[in-house]
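Protein chains: 2
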Amino acid sequence: MGVSTVSRAINNHPDINAETKKKVMETIQEHGYIPNNSARNLRRADGKCIAVVVKGISNPLFADAIEIMEEEIKRNKFSMVVRYVNFNENEIEAALELAKEKKLAGVIFLGGYFVKREKSLQKLRIPCVLSTSGCDGDAYSTLSVDDEKEGYRMTDYLIRLGHRKIAVLSGMPDDASIGLLRLEGYKRALREHGIEEDEDLILHMRADVRFYSMENGYQMTKELLGSGKEFSCIFAFSDAMAIGACRAITDSGGRVPEDYSVSGFDGIELGNYYDPKLTTMKQPIRDIARESVNVLFDILNERYRHVHRVFPGELLERESTKKI
Amino acid sequence: MGVSTVSRAINNHPDINAETKKKVMETIQEHGYIPNNSARNLRRADGKCIAVVVKGISNPLFADAIEIMEEEIKRNKFSMVVRYVNFNENEIEAALELAKEKKLAGVIFLGGYFVKREKSLQKLRIPCVLSTSGCDGDAYSTLSVDDEKEGYRMTDYLIRLGHRKIAVLSGMPDDASIGLLRLEGYKRALREHGIEEDEDLILHMRADVRFYSMENGYQMTKELLGSGKEFSCIFAFSDAMAIGACRAITDSGGRVPEDYSVSGFDGIELGNYYDPKLTTMKQPIRDIARESVNVLFDILNERYRHVHRVFPGELLERESTKKI
Numbered sequence: 001m002g003v004s005t006v007s008r009a010i011n012n013h014p015d016i017n018a019e020t021k022k023k024v025m026e027t028i029q030e031h032g033y034i035p036n037n038s039a040r041n042l043r044r045a046d047g048k049c050i051a052v053v054v055k056g057i058s059n060p061l062f063a064d065a066i067e068i069m070e071e072e073i074k075r076n077k078f079s080m081v082v083r084y085v086n087f088n089e090n091e092i093e094a095a096l097e098l099a100k101e102k103k104l105a106g107v108i109f110l111g112g113y114f115v116k117r118e119k120s121l122q123k124l125r126i127p128c129v130l131s132t133s134g135c136d137g138d139a140y141s142t143l144s145v146d147d148e149k150e151g152y153r154m155t156d157y158l159i160r161l162g163h164r165k166i167a168v169l170s171g172m173p174d175d176a177s178i179g180l181l182r183l184e185g186y187k188r189a190l191r192e193h194g195i196e197e198d199e200d201l202i203l204h205m206r207a208d209v210r211f212y213s214m215e216n217g218y219q220m221t222k223e224l225l226g227s228g229k230e231f232s233c234i235f236a237f238s239d240a241m242a243i244g245a246c247r248a249i250t251d252s253g254g255r256v257p258e259d260y261s262v263s264g265f266d267g268i269e270l271g272n273y274y275d276p277k278l279t280t281m282k283q284p285i286r287d288i289a290r291e292s293v294n295v296l297f298d299i300l301n302e303r304y305r306h307v308h309r310v311f312p313g314e315l316l317e318r319e320s321t322k323k324i
Numbered sequence: 001m002g003v004s005t006v007s008r009a010i011n012n013h014p015d016i017n018a019e020t021k022k023k024v025m026e027t028i029q030e031h032g033y034i035p036n037n038s039a040r041n042l043r044r045a046d047g048k049c050i051a052v053v054v055k056g057i058s059n060p061l062f063a064d065a066i067e068i069m070e071e072e073i074k075r076n077k078f079s080m081v082v083r084y085v086n087f088n089e090n091e092i093e094a095a096l097e098l099a100k101e102k103k104l105a106g107v108i109f110l111g112g113y114f115v116k117r118e119k120s121l122q123k124l125r126i127p128c129v130l131s132t133s134g135c136d137g138d139a140y141s142t143l144s145v146d147d148e149k150e151g152y153r154m155t156d157y158l159i160r161l162g163h164r165k166i167a168v169l170s171g172m173p174d175d176a177s178i179g180l181l182r183l184e185g186y187k188r189a190l191r192e193h194g195i196e197e198d199e200d201l202i203l204h205m206r207a208d209v210r211f212y213s214m215e216n217g218y219q220m221t222k223e224l225l226g227s228g229k230e231f232s233c234i235f236a237f238s239d240a241m242a243i244g245a246c247r248a249i250t251d252s253g254g255r256v257p258e259d260y261s262v263s264g265f266d267g268i269e270l271g272n273y274y275d276p277k278l279t280t281m282k283q284p285i286r287d288i289a290r291e292s293v294n295v296l297f298d299i300l301n302e303r304y305r306h307v308h309r310v311f312p313g314e315l316l317e318r319e320s321t322k323k324i
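So the protein sequences, as listed, match chains A and B. Going by the numbering used here, the letters in the first sequence line up with residues 1 to 324, in that order. Going by the numbering used here, the letters in the second sequence line up with residues 1 to 324, in that order.
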């Protein structure tokens, strides 16, 4: 008798004979457990496992986060599995799939889009923490920077350097998440400084290229430069896109920051090694990662309900931007 | 009766009463399976899962590899879990730990050190594939470039550009893996061109900084520049270290390639966006990743025994090296 027989018995499947079913149910009642077909499974019975579902495998910011999360989860004597989803995959579906394969205590989403997806998240029926993605709702915790505010701060900084024609390399046109929030911050800064918004300077990521990648930033900037549109500064919504922008400018014979200022967002290690060093809004990714795990364990230990924590960004003024 | 009781019965533990033990063993004999305590485990019984154990989370080369592996493993209707190990952690121990928590069909190691560790690997008792690490032995498959040969080719190329004082940023002093092989290739090229080896130009990674990282390359280069030792060229054993080297040179007022040529190894995306674009030995990481999965499935399907496949590197001559 194998697992499928047991499963059919439990689920009242018609395709099982009465005697077999009786035997299975008696075994369960007698022993108080469901039989399984492998001794190896014994070891998994107390499966204290946290899944980390990562959207954006090539995001160097997340490498640091995963490292910290692994340490913290281990310290709590749980194990961790990581699942990557491509930029065009559904991260919640991926988590649901994983939860089918493995008993999970909780899920941490690193990156991803969650606005208006509360119901999908609830299908998981285990505590969820959204790390680096802010989003309202009672059904999960979020830990992130205030993307609107930090988008505002960076734009305000660029305007104070004298820039008025600031192009943005933003998220997808239909983005309702970090990309939209940073864009709203950008627009608010323009308004407060009395600068008129220029639709032509708001570029959206290409859907067919990896999101927030160097390649995406490169292609957007090439297009912008090719359009003949005047601008003196680019604010990219990721450091990787900012680096792609720098390269596109160099390839067109321009210089950063002499001809164009470029700023990023994230504060990845590379920004400090790039030439010029990248001006950016640094996310406190190690703190966010550590606290994401702590919050999840507090919820698992029923210490409190879901929370929304906001971390301050840090504006790093480096070499890729200059006063004009 | 819980899992631990069953476990004690099976393992002949003294701390279980005779009657309970008898009951457990009868249940097993009657049904041909080991009871377990959760209905959820039923779904995991056919757990077709491949673990990917990654050494070097911040290695951008591996992000591409993981993406491909996930696709290929999915296509084969298996699931994949990723486990990261820090540069100072034992990757085989990590795999053993994972195999205790979860029934695994096989393990793919991405990066890591395996020379003389055949016995440890065999403890896993499931097929292992070493991806990007070449290593002799019957107990596992390996898919990688020929690190000695490609180290030789890059050095030969640099010598043909006119360089004779070529510093190397190499692996750890006790490295018996890719770092050693690339170094042997470097030394062979010097010998064949009649250039005397200079110990002072062979730098080893710092043990307290992330291996093969920008920071490690930066620190080694700073030290080299500070030593006053004469050299015209740096061959770094990873692109990340090469970028660290470029930055250290720039920070010291030098220029690449005008004052120093710098070449890397790996062929990461960033090398194409860095300024100057990095000369490097590109590993065909996507092919290696895809074939690593295919080889593992061939072994699982008993199509053949373990293999050692070598992939050709591609020398990308770009902007960071010049003729002198």
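Cβ atoms here follow ideal geometry from the backbone N, Cα and C, with glycine treated the same way.
Any C-beta of chain B under 8 Å from that of Thr250 (chain A):
For this step, residue 250 (chain A) is matched to residue 250 along the first sequence. Yes, because at least one Cβ of chain B sits closer than 8 Å to the Cβ of Thr250 (chain A).
Report the partner residues of Ser120 (chain A) according to the DSSP bridge assignment.
Sequence index remark: in the first sequence, residue 120 (chain A) carries index 120 (1-based). In DSSP, Ser120 (chain A) forms no bridge with anything.
Compare the Cα-Cα distances from Asp200 (chain A) to each of A:Leu181, A:Ala189, A:Gly228, A:Met69 and report the closest residue.
The sequence position of residue 200 (chain A) within the first sequence is 200, counting from 1. When only C-alpha atoms are compared, the closest one is A:Gly228.
How many whole angstroms separate the CB atoms of Val85 (chain A) and Val53 (chain A), which I take to be in contact at a CB cut-off of 8 Å?
Along the first sequence, read from residue 1 onward, the residue named residue 85 (chain A) stands at position 85. Along the first sequence, read from residue 1 onward, the residue named residue 53 (chain A) stands at position 53. The pair is a contact, with the Cβ atoms about 6 Å apart (cut-off 8 Å).
Identify whether Tyr304 (chain B) lies in helix, strand or coil by the three-state DSSP scheme.
Translated into the one-based positions of the second sequence, residue 304 (chain B) becomes position 304. Under the three-state reduction of DSSP output, Tyr304 (chain B) falls in the coil class, being neither helix nor strand.
Below 8 Å, how does it come out for the segment 215-225 of chain B and the segment 143-153 of chain B: are there three or more Cβ pairs, yes or no?
no
Judging by CA-CA distance, which residue of A:Arg247, A:Leu61, A:Leu169, A:Ser79 is the nearest neighbour of Ser144 (chain A)?
As a working mapping, residue 144 (chain A) is identified with position 144 in the first sequence. Of the listed residues, the one whose Cα sits closest to Ser144 (chain A) is A:Leu61.
For the segment 59-79 of chain B, which residues have a beta carbon sitting closer than 8 Å to at least one beta carbon of chain A?
Within the segment 59-79 of chain B, the residues whose Cβ lies closer than 8 Å to some Cβ of chain A are Pro60, Ala63, Asp64, Ile66, Glu67, Glu70, Ser79, listed in chain order.
Let's test the definition: count the other Cβ atoms within 10 Å of the Cβ of Met59 (chain B) and tell me whether it reaches 16, buried, or not, exposed.
Position 59 of the second sequence, counting from 1, holds the residue named residue 59 (chain B). The question names Met, but residue 59 (chain B) is Asn in the sequence shown. With 16 or more other Cβ atoms within 10 Å, it is buried.
Thinking just about the alpha-carbon of each residue, which of B:Lys103, B:Gly56, B:Arg164, B:Leu110 is nearest to the one in Ala65 (chain B)?
For the purposes of this step, residue 65 (chain B) is taken as residue 65 along the second sequence, with counting starting at 1. Closest by alpha carbon: B:Leu110.
When you compare only the Cα positions, how much space is there between Glu184 (chain A) and His204 (chain B)?
Working through the first sequence from its first residue, we reach residue 184 (chain A) at position 184. Working through the second sequence from its first residue, we reach residue 204 (chain B) at position 204. If you take the alpha carbons of Glu184 (chain A) and His204 (chain B), they lie about 48 Å apart.
Can you check the segment 210-276 of chain A for any alpha helix (DSSP H) of at least 4 residues that lies completely inside it and give the ranges in chain order?
DSSP runs (the alpha helix (DSSP H)) wholly in the segment 210-276 of chain A: 214-227, 239-251.
Please compile the residues from chain B whose C-beta is within a distance smaller than 9 Å of the C-beta of Cys49 (chain A).
By 1-based counting over the first sequence, the position of residue 49 (chain A) is 49. Here the neighbours are Glu101, Lys102.
Fully enclosed by the segment 107-194 of chain A, which alpha helix (DSSP H) runs are 4 residues long or longer?
118-122, 147-160, 178-192
Under the criterion of a Cβ to heavy atom distance below 7 Å, does Phe265 (chain B) qualify as lining the ligand SAH?
Only the bare structure without any ligand can be found here, which leaves the ligand SAH out of the picture.
For a contact defined as C-beta to C-beta under 8 Å, what are the partners of Gly313 (chain B) on chain A?
Taking the second sequence and counting its residues from 1, the one referred to as residue 313 (chain B) is at position 313. By Cβ distance, chain A contributes nothing, its closest Cβ being about 21 Å from Gly313 (chain B), past 8 Å.
Using a Cβ-Cβ distance under 8 Å, would Cys135 (chain B) count as near chain A?
As a working mapping, residue 135 (chain B) is identified with position 135 in the second sequence. Cys135 (chain B) is outside the set of residues whose beta carbon lies under 8 Å from a beta carbon in chain A.
For the segment 269-284 of chain A, which residues have a beta carbon sitting closer than 9 Å to at least one beta carbon of chain B?
Among the residues of the segment 269-284 of chain A, those with a Cβ less than 9 Å away from any Cβ of chain B are Glu269, Leu270, Asn272, Tyr273, Tyr274, Asp275, Pro276, Lys277, in the order of the chain.
8 Å Cβ cutoff met for Val81 (chain B) and Ala105 (chain B):
Along the second sequence, read from residue 1 onward, the residue named residue 81 (chain B) stands at position 81. Along the second sequence, read from residue 1 onward, the residue named residue 105 (chain B) stands at position 105. No, the pair does not count as a contact, with Cβ atoms beyond the cut-off.
Taking just the CA atoms, how far does Leu98 (chain B) sit from Asn294 (chain A)?
Position 294 of the first sequence holds residue 294 (chain A). Position 98 of the second sequence holds residue 98 (chain B). Distance between the alpha carbons of Asn294 (chain A) and Leu98 (chain B): 23 Å.
Using the rule of at least 16 other Cβ atoms within 10 Å of the residue's Cβ for burial, across every protein chain shown, is Ser252 (chain B) buried or exposed?
Here residue 252 (chain B) refers to the residue found at position 252 when the second sequence is read from its first residue. Exposed, because fewer than 16 other Cβ atoms sit within 10 Å of the Cβ of Ser252 (chain B).
Does any C-beta atom of chain A lie closer than 8 Å to the C-beta of Val81 (chain B)?
As a working mapping, residue 81 (chain B) is identified with position 81 in the second sequence. So yes, Val81 (chain B) belongs to the interface.
Within this structure, are the beta carbons of Phe87 (chain A) and Phe211 (chain A) separated by less than 8 Å?
Along the first sequence, one-based indexing puts residue 87 (chain A) at 87. Along the first sequence, one-based indexing puts residue 211 (chain A) at 211. Their beta carbons are under 8 Å apart, which means Phe87 (chain A) touches Phe211 (chain A) by this criterion.
Distance cutoff 8 Å, beta carbons only. Does Gly253 (chain A) sit that close to anything in chain B?
Numbered from its first residue, the first sequence carries residue 253 (chain A) at position 253. Gly253 (chain A) does not count as touching chain B.
Pick from B:Lys323, B:Asp298, B:Ser320, B:Lys322 that is closest to Val129 (chain B), judged by C-alpha positions
One-based indexing of the second sequence puts residue 129 (chain B) at position 129. Ranking B:Lys323, B:Asp298, B:Ser320, B:Lys322 by Cα distance to Val129 (chain B) puts B:Asp298 first.
Applying the 10 Å Cβ sphere with the 16-neighbour rule, what's the burial state of Pro276 (chain B)?
For the purposes of this step, residue 276 (chain B) is taken as residue 276 along the second sequence, with counting starting at 1. Pro276 (chain B) comes out buried.
Amino acids of chain A, ordered along the chain, whose beta-carbon sits closer than 7 Å to that of Gly244 (chain B)
As a first step, residue 244 (chain B) is located in the second sequence; it is residue number 244 there, counting from the start. Simply Tyr273.
Taking the C-alpha atoms as reference points, what is the distance between Leu190 (chain B) and Arg164 (chain B)?
For the purposes of this step, residue 190 (chain B) is taken as the residue at position 190 of the second sequence. For the purposes of this step, residue 164 (chain B) is taken as the residue at position 164 of the second sequence. Roughly 8 Å separates the two Cα atoms.
Could you have a look at Lys77 (chain A) and say whether DSSP puts it in helix, strand or coil?
Along the first sequence, read from residue 1 onward, the residue named residue 77 (chain A) stands at position 77. Lys77 (chain A) falls in the coil class under three-state DSSP.
Do Leu124 (chain A) and Ser94 (chain A) come within 8 Å of each other at the CB atom, strictly closer than that value?
Position 94 of the first sequence, counted from the first residue, corresponds to residue 94 (chain A). Position 124 of the first sequence, counted from the first residue, corresponds to residue 124 (chain A). Looking at the sequence shown, residue 94 (chain A) is not Ser but Ala. It is not a contact, given that the beta carbons lie outside the stated cut-off.
Counting along the chain, where does the alpha helix (DSSP H) carrying Ala105 (chain A) start and finish?
The residue labelled residue 105 (chain A) in the question sits at position 105 within the first sequence. In the DSSP assignment, Ala105 (chain A) falls outside any alpha helix (DSSP H) and carries neither an H nor an E.
State yes or no: is the beta carbon of Met205 (chain B) nearer than 8 Å to at least one beta carbon in chain A?
Numbered from 1 along the second sequence, position 205 holds the residue referred to as residue 205 (chain B). At least 8 Å separates the CB of Met205 (chain B) from every CB of chain A.
Neighbour flag for Asn86 (chain A) against chain B, beta carbons, 8 Å
For the purposes of this step, residue 86 (chain A) is taken as the residue at position 86 of the first sequence. Yes, because at least one Cβ of chain B sits closer than 8 Å to the Cβ of Asn86 (chain A).
N-terminal and C-terminal residue of the beta strand (DSSP E) that Ala51 (chain A) is part of:
Counting from one through the first sequence, the residue named residue 51 (chain A) turns up at place 51. Counting along the chain, the beta strand (DSSP E) containing Ala51 (chain A) begins and ends at 49-55.
Cross-strand partners of Lys322 (chain A) (DSSP beta bridge)
Stepping through the first sequence from its first residue, residue 322 (chain A) is reached at position 322. Its beta-bridge partners do not exist; DSSP assigns none.
Among residues of its own chain, excluding the 5 on either side of Ser261 (chain B), which ones have a beta-carbon nearer than 8 Å to its beta-carbon?
Locating residue 261 (chain B) in the second sequence gives position 261, where the first residue counts as 1. The answer, listed in chain order, is Leu158, Leu161, His163, Ser232, Cys233, Ile234, Thr279, Ser320, Thr321, Lys322, Ile324.
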